[in-house]
Amino acid sequence: MTLDIAKLNASAGEKSPQEIIQSIIDVDSNIFVTTNFGPNSSVLLHMLTQAKPDIPVLWIDSGLNKPETYEHAERAIDKLNLNVSVYTPKVTVARLDTVYGGVPTIQDENHAEFTRQFKLEPFERAIRSQSSKIWFSAVRREQTAFRFGMNYVESGPFGLTKVSPLLDWQESEMTRYIDKYELPNETNYFDPTKSGHKRECGLHTLKVSL
1082 MTLDIAKLNA SAGEKSPQEI IQSIIDVDSN IFVTTNFGPN SSVLLHMLTQ
1132 AKPDIPVLWI DSGLNKPETY EHAERAIDKL NLNVSVYTPK VTVARLDTVY
1182 GGVPTIQDEN HAEFTRQFKL EPFERAIRSQ SSKIWFSAVR REQTAFRFGM
1232 NYVESGPFGL TKVSPLLDWQ ESEMTRYIDK YELPNETNYF DPTKSGHKRE
1282 CGLHTLKVSL
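For the sequence shown, my numbering begins at 1082 and goes up steadily by one.
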């Protein structure tokens, strides 16, 4: 059975994130989730592992995270018993430093190529490793202008169907959930491909098909 995107979106606004997750699994349980182990990432990971404990978790790790992020990732993997696979860039940090003189600024003409090598290429490699075409993401409307216009379920890149069950949750709801279930959290995260919290890195704006 295939997902009826229009039907799912029509009913999603009346459902909790957990109910949205279950409505997808009821149709097709062959799902996966991507994560950067950034702020509030434990919320969706906890919800999904409650519904499907062995869900593949794809960590797109730029190799440029702060120590706090790696420490948080280890805590989350352990606490939630995550079935995690890590995808890192093929380009080393040493080469980045030599060729670009470090992480290019957003104004640097090399920033787009840096983003491709350190975020988009590992993401595509991760996607190609999966037989599933149902991708869960933790994006929320309040994060960026682009995400404000997203649907709960929509066609994504590489022939995927992207599901965002937390789309309408506010920061306060995320915090309450983390506190309720005593989940680890990361508050010192920085993504060099975004150079700011209100900017897209490119994963959610991709319109490429396999």
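Backbone N, C-alpha and C fix where the C-beta goes; we use that ideal spot for every residue, glycine too.
Check the DSSP bridge columns for residue i and list the partner residues they point to.
i, result
"asparagine 1164", "Pro1137"
"serine 1297", "Nothing about residue 1297 can be reported from this structure: the residues present for the chain run from 1082 to 1291 only."
In the structure shown, what three-state DSSP assignment does residue i receive?
i, result
"lysine 1147", "coil"
"serine 1092", "helix"
"phenylalanine 1217", "strand"
"leucine 1129", "helix"
"valine 1184", "coil"
"histidine 1285", "Any reading at histidine 1285 is ruled out, since the residue's pLDDT is 49, under 50, leaving its predicted position unreliable."
"glutamine 1198", "helix"
"glutamate 1224", "For the record, residue 1224 in the displayed sequence is glutamine; it is not glutamate. Helix."
"aspartate 1159", "helix"
"glutamate 1205", "helix"
"leucine 1177", "helix"
"leucine 1291", "Any reading at leucine 1291 must be qualified, since the residue scores a pLDDT of 32, below 50, and its modelled position is unreliable; the value itself is stated next. Coil."
"phenylalanine 1229", "helix"
"valine 1172", "coil"
"glutamate 1267", "coil"
"glutamate 1152", "helix"
What is the C-beta distance between residue i and residue j, in whole angstroms, given that I count them as a contact (C-beta under 8 Å)?
i, j, result
"asparagine 1266", "asparagine 1121", "7 Å"
"leucine 1126", "threonine 1116", "6 Å"
"glycine 1230", "tryptophan 1216", "Not quite, the Cβ-Cβ distance comes to about 18 Å (not below 8 Å), so this is no contact."
"isoleucine 1158", "alanine 1132", "Not a contact, Cβ separation roughly 18 Å."
"threonine 1150", "threonine 1274", "Not a contact, Cβ separation roughly 14 Å."
"proline 1137", "proline 1170", "Not really, about 20 Å apart at Cβ, beyond 8 Å."
Mind checking which residues open and close the alpha helix (DSSP H) that includes residue i?
i, result
"isoleucine 1112", "That residue, isoleucine 1112, is in no alpha helix (DSSP H); its beta strand (DSSP E) goes 1112-1116."
"isoleucine 1101", "1098-1108"
"tyrosine 1258", "1252-1261"
Please tell me whether residue i has its Cβ less than 8 Å away from any Cβ of chain D.
i, result
"tyrosine 1151", "Chain labels in this structure do not include chain D; a single protein chain is all it has."
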